[in-house]
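Asker: Just passing along the structure, written as structure tokens.
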């Protein structure tokens, strides 16, 4: 049966799938492409930079939807239980929110500090078939580490969201 509660849950889960799926795609497909030698390094990095910027817009929208629908879901759960949450439930919600804030902080640092550093280093002309200079490799490795960190944190958030169902 279609209800407003079902729509909100669908939006919440759909935004999470888009956000985490995009993080996975960035970490497993886009960033590894930057370590490969190519005869078109500037064009490749420009294409990847445009793709990442587009995903950043989508991911911030998804994060906003997740946050707003999460608040609605929490209020709805409170209404059902007369806002009498168990300690375990409240702890899980708190940890989940803290992890979400951490993911947003890491993504912000990566989006506005690390990735621009990667793309600006790639935009400087170099010998196309030579190995990547350290000025490119170090920020790329940092971006990969942050992407993997965010995926691990996101997996923890998903697990906690599922655990909330059984509290």
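Residue numbers (our numbering): 94 to 260. Backbone N, C-alpha and C fix where the C-beta goes; we use that ideal spot for every residue, glycine too. Small disclaimer: the values here were computed from a predicted structure and weren't measured.
1) Which of the three DSSP states is assigned to residue 97 in this structure?
2) Does DSSP put residue 205 in a helix, a strand or coil?
3) Hey, would you say residue 167 sits closer than 7 Å to residue 249, going by beta carbons?
4) Under a Cβ-count criterion, where at least 16 other Cβ atoms within 10 Å of its own Cβ denotes burial, should residue 196 be classed as buried or exposed?
5) In terms of alpha-carbon separation, which member of 164, 144, 114 lies closest to residue 102?
6) Residues in its own chain within less than 7 Å of residue 212 by CB, not counting five upstream and five downstream?
7) Measuring alpha carbon to alpha carbon, tell me which residue in 105, 95, 145, 98 is nearest residue 161.
8) Between residue 243 and residue 199, which are expected to be in contact by the criterion C-beta below 8 Å, what is the C-beta distance as a whole number of angstroms?
9) Return helix, strand or coil for residue 232, following the three-state DSSP convention.
10) At the level of alpha carbons, what is the spacing between residue 135 and residue 215?
11) Give the C-beta separation of residue 115 and residue 151 to the nearest angstrom, bearing in mind that I take them to be a contact with Cβ-Cβ under 8 Å.
12) So which of 236, 246, 230, 258 has the shortest CA-CA distance to residue 130?
13) Beta carbon of residue 265, beta carbon of residue 236: below 7 Å?
14) Could you give the C-beta distance for residue 253 and residue 188, rounded to a whole number, given that I count them as a contact under 8 Å?
15) Answer yes or no: do residue 247 and residue 111 have a C-beta to C-beta separation smaller than 7 Å?
16) Does DSSP classify residue 130 as helix, strand or coil?
Answerer: Once the coordinates are examined:
1) helix
2) helix
3) no
4) buried
5) 164
6) 138, 142
7) 105
8) 5 Å
9) helix
10) 6 Å
11) 7 Å
12) 230
13) There is simply no residue 265 to check, as the chain begins at 94 and stops at 260 in what is shown.
14) 6 Å
15) no
16) coil
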